[in-house]
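Beneath this line is the structure, given in structure tokens, with notes to follow.
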Amino acid sequence: MAQHNASQNNLFPVGSRVIAQIHPIERERGVFIPGHRFEPLRKLSLDPWQVRLEAQDASAFTRRKIGLTIHDAEFFYLLLGRSAFFKSLLGQDPSNDKVFDQISDGVSGFSALVRIEAYDFAEFYERNSLVAGDYLLLEAIKPQGVAFRVTPVPASSITESRHSAHLAALDRAVDEALDSLEEPLEPSLMIREIFRLCDPAVLEEPAAAFSEYVRATQKLGIGM
0 MAQHNASQNN LFPVGSRVIA QIHPIERERG VFIPGHRFEP LRKLSLDPWQ VRLEAQDASA
60 FTRRKIGLTI HDAEFFYLLL GRSAFFKSLL GQDPSNDKVF DQISDGVSGF SALVRIEAYD
120 FAEFYERNSL VAGDYLLLEA IKPQGVAFRV TPVPASSITE SRHSAHLAAL DRAVDEALDS
180 LEEPLEPSLM IREIFRLCDP AVLEEPAAAF SEYVRATQKL GIGM
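According to numbering that gives the first Met the number 0, the sequence shown holds residues 0 to 223 in order.
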């Protein structure tokens, strides 16, 4: 069954790759926010902020907590669904529980603050002259997506034809997944099923972030 296959963590071998686009918040704060960026390669039982990230010299990136509005923080977890996002807030910092009370009391998500885990990328961004809109190539270097190597990818190095071809390949896989599934899957499983059906080139030489596809087509709805 597709649902059974999508739930397996060994679908994608070591060497599989995805890319994440650097958000202006990340560049300004000198951080990389894990969120949904490791999908579909992340081990399902491993929280995104527990993944090991390594530079080209095998040195590990350190983590630190930052404060964000709940609206801004949610942007980075959108593809996992709102339920998973709210659960992750408690996992990242128990003090985030009071934010739920604030939201219930009518405080706007644009002003309610949460603390989330982020990787320190300030030096990496500077050393590689990366700006918002550039990319980070995330390559699985251990089985089941528990560790990734990070390589800088300037947006200027990705041609429009490669970018368009990547989005088109994703679109074909999405159509196939929607046609074959009898009912919607939880977001993280759905993403795995889509990538299982993709042309292998999508995970060999990625040229767009999956979030770019979601925003461009609006074909997928992320449920609770």
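Ideal placement from N, C-alpha and C gives every residue a C-beta, glycine not left out. It should be emphasised that the depicted structure is a prediction, and the values quoted were computed from it without experimental measurement.
Here A57 is exposed: its Cβ has fewer than 16 other Cβ atoms, across all protein chains shown, within 10 Å.
Non-local beta-carbon contacts of R26 in its own chain, meaning distances under 8 Å to residues more than five positions away in sequence, involve Y124, L129, V130, A131 in chain order. Taking D92 as reference, the option from I102, S110, Q101, W48 with the minimal CA-CA separation is W48. Spatial neighbours of V213 in its own chain (CB-CB distance under 7 Å, excluding positions within 5 residues in sequence) are listed in chain order as L78, L219. Within the model, the alpha-carbon separation for I140 versus R148 is close to 6 Å.
Per DSSP, the beta-bridge partners of I115 are I65. Contact check between the region 84-103 and the region 11-19: fewer than three CB pairs, one atom from each, fall below 8 Å, which does not count as touching. In the same chain as A206, and ignoring 5 residues on each side of it, the C-beta atoms closer than 6 Å to its own belong to I157, R161, H162, H165, in chain order.
Three or more Cβ pairs closer than 8 Å define a contact, and the region 34-51 meets that threshold against the region 81-91. Here A72 is not near V30, since their CB atoms are 7 Å or more apart. As summarised for the region 72-121, the continuous beta strand (DSSP E) elements at least 3 residues long and confined to that stretch are 112-119, given in chain order. Per the coordinates, the alpha-carbon of F120 lies some 14 Å from the alpha-carbon of L136. For I115, the closest of K42, F85, R126 by C-alpha to C-alpha distance is F85. Taking the Cβ atoms as the reference, I32 lies roughly 5 Å from A117, within the contact range of under 8 Å. Bounds of the beta strand (DSSP E) holding F147 are 146-152.
Relative to the Cα of Y134, the nearest Cα in the group Y76, V173, E211, K42 belongs to E211.
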